[in-house]
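Undergrad: The numbering used here runs 14 ahead of the 1-based position in the sequence shown. Note that CB positions come from ideal geometry on N, CA and C, so glycine has one too. Being a predicted model, the structure only gives us computed values, none of them experimental.
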Amino acid sequence: MNEKKLDLNSIIGFVLIFGIIVWIMYNNQPSQKEIAAEKAKKEQVLQKENEAKVPAKQIASTVMDTTASDSLQLSKLKSTLGNFAYSATLPSAKESFTTLENNLVSIKIANKGGYIVAAKLKSFERFKKGSGQLVELIKDNNADLNINLQTQDNRTLETKNLFFEPELTKVGENQILTMRLKSGANEFLEYKYVLKPNDYMIGFDIRSQGLSKVLNTSKPLDLVWNLKAYRNEKSISYEDRYADIRYEYEDGKDNNVGLGKDKEENPEKVSYIAFKQHFFTSILLTEKPFEKAKLHSNDLVLNQETDTIFTKQFNATIPLVFNNGEVDYKMNWYFGPTDYKTLKAYDKNLDKIIPLGWGIFGWINKFIFIPLFGFLSSYIAYGIAIIVFTILIKIAMSPITYKSFLSQAKMKVLRPEIAELGEKFKKDPMKKQQETMKLYNKAGVNPMAGCIPALIQIPFMYASFQFFPSAFELRQKSFLWADDLSSFDQVVKLPFHIPLYGDHISLFPILAAVAIFFYMKMTSGDQQMAAPQQEGMPDMAKMMKIMIYVSPIMMLVFFNTYGAGLSLYNFISNLITIGIMLVIKNYIIDSDKIHAQIQENKLKEPKKQGKFQQKLQEVMQQAEEQKAQQKKK
Numbered sequence: 015m016n017e018k019k020l021d022l023n024s025i026i027g028f029v030l031i032f033g034i035i036v037w038i039m040y041n042n043q044p045s046q047k048e049i050a051a052e053k054a055k056k057e058q059v060l061q062k063e064n065e066a067k068v069p070a071k072q073i074a075s076t077v078m079d080t081t082a083s084d085s086l087q088l089s090k091l092k093s094t095l096g097n098f099a100y101s102a103t104l105p106s107a108k109e110s111f112t113t114l115e116n117n118l119v120s121i122k123i124a125n126k127g128g129y130i131v132a133a134k135l136k137s138f139e140r141f142k143k144g145s146g147q148l149v150e151l152i153k154d155n156n157a158d159l160n161i162n163l164q165t166q167d168n169r170t171l172e173t174k175n176l177f178f179e180p181e182l183t184k185v186g187e188n189q190i191l192t193m194r195l196k197s198g199a200n201e202f203l204e205y206k207y208v209l210k211p212n213d214y215m216i217g218f219d220i221r222s223q224g225l226s227k228v229l230n231t232s233k234p235l236d237l238v239w240n241l242k243a244y245r246n247e248k249s250i251s252y253e254d255r256y257a258d259i260r261y262e263y264e265d266g267k268d269n270n271v272g273l274g275k276d277k278e279e280n281p282e283k284v285s286y287i288a289f290k291q292h293f294f295t296s297i298l299l300t301e302k303p304f305e306k307a308k309l310h311s312n313d314l315v316l317n318q319e320t321d322t323i324f325t326k327q328f329n330a331t332i333p334l335v336f337n338n339g340e341v342d343y344k345m346n347w348y349f350g351p352t353d354y355k356t357l358k359a360y361d362k363n364l365d366k367i368i369p370l371g372w373g374i375f376g377w378i379n380k381f382i383f384i385p386l387f388g389f390l391s392s393y394i395a396y397g398i399a400i401i402v403f404t405i406l407i408k409i410a411m412s413p414i415t416y417k418s419f420l421s422q423a424k425m426k427v428l429r430p431e432i433a434e435l436g437e438k439f440k441k442d443p444m445k446k447q448q449e450t451m452k453l454y455n456k457a458g459v460n461p462m463a464g465c466i467p468a469l470i471q472i473p474f475m476y477a478s479f480q481f482f483p484s485a486f487e488l489r490q491k492s493f494l495w496a497d498d499l500s501s502f503d504q505v506v507k508l509p510f511h512i513p514l515y516g517d518h519i520s521l522f523p524i525l526a527a528v529a530i531f532f533y534m535k536m537t538s539g540d541q542q543m544a545a546p547q548q549e550g551m552p553d554m555a556k557m558m559k560i561m562i563y564v565s566p567i568m569m570l571v572f573f574n575t576y577g578a579g580l581s582l583y584n585f586i587s588n589l590i591t592i593g594i595m596l597v598i599k600n601y602i603i604d605s606d607k608i609h610a611q612i613q614e615n616k617l618k619e620p621k622k623q624g625k626f627q628q629k630l631q632e633v634m635q636q637a638e639e640q641k642a643q644q645k646k647k
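1) I'd like to confirm the pairing. Which residues does DSSP put opposite Ile-400 in its beta bridges?
2) For Asp-276, count neighbouring C-beta atoms within 10 Å of its own C-beta (all shown protein chains included) and say buried if the count is 16 or more, exposed if not.
3) I need the straight-line Cα distance from Ile-594 to Pro-413, nearest angstrom please.
4) How close, in whole Å, do the beta carbons of Gln-480 and Asn-379 come, if the pair is a contact with beta carbons under 8 Å?
5) Tell me whether Gln-504 is buried or exposed, calling it buried when 16 or more other Cβ atoms sit within 10 Å of its Cβ.
6) I'd like the list of long-range same chain contacts for Asn-200, defined as Cβ closer than 8 Å, with 5 residues on each side in sequence excluded.
7) For Glu-250, which of Phe-289, Thr-575, Leu-580, Leu-596 has the nearest alpha-carbon?
8) Looking at the unbroken alpha helix (DSSP H) that takes in Ile-123, where does it start and where does it end?
9) Return the chain-ordered list of same chain residues with a C-beta closer than 6 Å to the C-beta of Ala-529, the five sequence neighbours on each side being excluded.
10) Do you know offhand how far Ile-398's Cα is from Thr-404's?
11) Distance check for Met-444 and Met-451, CA to CA, integer angstroms please.
12) Specify the secondary structure class of Val-505 as computed by DSSP and reduced to three states.
13) If I measure Cβ to Cβ from Tyr-256 and keep anything under 7 Å in the same chain, skipping five residues before and after, which residues do I get?
14) Please classify Val-597: does DSSP put it in a helix, a strand, or coil?
15) Any chance you could list the beta strand (DSSP E) runs of at least 3 consecutive residues sitting entirely within the region 266 to 350, in chain order?
16) Just to confirm, is the Cβ distance from Ala-307 to Ile-332 under 8 Å?
17) Buried or exposed: which applies to Val-687, given that a residue is buried once 16 or more other Cβ atoms fall within 10 Å of its Cβ?
18) For the candidate residues Val-506, Phe-486, Glu-487, whose alpha-carbon lies nearest to that of Trp-495?
19) Candidates Asn-156, Asp-517, Asp-442, Leu-406: which alpha carbon is nearest Thr-591's?
20) Give, in chain order, every unbroken run of the alpha helix (DSSP H) that is at least 4 residues long and sits entirely within the region 356 to 407.
21) Would you kindly work out how many angstroms separate the C-alpha atoms of Ser-296 and Pro-473, rounded to a whole number?
22) Taking C-beta to C-beta, are Phe-522 and Leu-435 nearer than 8 Å?
23) Have a look at Glu-475 and Phe-532 and give me their C-alpha separation to the nearest angstrom.
24) Can you tell me whether Arg-140 is helix, strand or coil according to DSSP?
25) Could you check where the beta strand (DSSP E) with Ser-222 kicks off and where it finishes?
Shown next as structure tokens:
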């Protein structure tokens, strides 16, 4: 093959191309004036960084632009960040994210700060079913996690402004994300996230390695967790009422920060902190209890008449204690529903987050209401389950109801004789009381027997007020005209807002108010006939007449914004009670038989008075003696 020689045209072409390149490079070279201006600009940036905390993004870009010859610039940066300037030179020092997700939850973690910037629940929608908006507990910078790093030369660095190096691996079906804030090749602060399949709980560990030479380890690191709670439910007032901070401390005790403006608690030996948003919760748990914590809650709902984006501002400040110069905490995050069964399954006392009531009220909910309703709702629709649930509870309570009505019937039979005693001993009240008690004793009637059954029913009534607002399974479940049994059942939208009542009309509270009106109308008549008016006592007849109208109005007003499930329960409950009353009065209790039995009891040996009756008689006797002495004076 002959070697191809360069001709004159080729030589001229190469010369022209070389000349053009030289000309472009010469014209693009900055002038001495531009170089001086750029240098002054960089020095001004570095000066500002020395005067204040430097945003991590700016630090990263500054370090990456630093050349080996610009040693002054690098030394100034190191004086601000110390050894953590190493992290700003890594490839991860940019705005990027890593997503962990399973079939229940999607979590997004940012390189900057290393914390969760998005937490989405895949199975639940905001406001109403079919809205298309999934519940997002964290989004759009409503939450952050920060550790204040105290260096040995008394500078404070904030991890939320520094970049972490991510490494995503998979072990079996578990996704593991390791985030490291490095001060050198083998010195770092590490966050480790572990997400398992089909789980709301996320493993979260914080540990350090080799930082004892960099950080001041004589005092703990302050971990600060902030969250601005998004509104997710239809009723602003209802959701705001049940959103608060709950926590466990001192080996199993539980408490809450409270509702309202600027509420604060400082518990010790804290094992978990829950930012509760009525039906959804963000929880930080730790295996090794935090020595102490500063918890702060602030109500953001200034006006319930206007649309609201956020309900509460939550804040937790937690000191992380050094152990042999390092921190090492094994923790968990929970982002999920405030559902009793779900939380109970973790066996970490998380079910205490749900306010089921204290003492006997909580026991009724845990051991009667929750198992019974859970069983019924697994077979039938939720609205029907509430009705059947109410019927079963009222049937179980019917013997107590019967005892109460039987006592009223006995008092009604004795009323004429008590009236005679009142007339006979009109001028001697003490004698009148004594003779009345003798009559009760001879007839075998206990005047307090009607009160005791009513008192027994009160815990069940109070337990229902705790159970239904906390029943997550009612959320967005429809029944008849109610599209959500966990919220109000609006049938009319008002063009104005009525104080205490709201801007809508709910139908179930109206039905419940009507039912309680007729129930009180029936019972008040019997009570007035059964109980004679005692001298010196307030007019019970007038009080009962007032309560006949006050109770339904209170039900109507305050239940208008409550969940439809609770109003439905109260409506059915009063309806069934009315039915039981009618059956007992018309088919079970026979006034003639009761009268005959009382007359028969009078002929028998009087029963020995109980301790309560004896005490009551002694108190009345003492009161009469004091009254007589005052008259003599």
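TA: In short, the structure shows the following:
1) None; Ile-400 has no bridge partner.
2) exposed
3) 10 Å
4) 6 Å
5) buried
6) Gln-223, Gly-224
7) The sequence given here places Ile at residue 250; Glu does not occur at that position. Comparing Cα-Cα distances from Ile-250 to each of Phe-289, Thr-575, Leu-580, Leu-596, the minimum goes to Thr-575.
8) First-last for Ile-123: 119 to 124, but that is the beta strand (DSSP E), not the alpha helix (DSSP H).
9) Phe-585, Asn-588, Leu-589
10) 10 Å
11) 11 Å
12) strand
13) His-292, Pro-483
14) helix
15) 267 to 270, 277 to 279, 282 to 291, 294 to 306, 308 to 313, 324 to 334
16) yes
17) In the structure as shown, the chain begins at 15 and stops at 647. Residue 687 is therefore absent and cannot be evaluated.
18) Val-506
19) Leu-406
20) 374 to 378, 384 to 391
21) 31 Å
22) no
23) According to the sequence shown, residue 475 is Met rather than Glu. One C-alpha to the other measures close to 18 Å.
24) coil
25) 215 to 223
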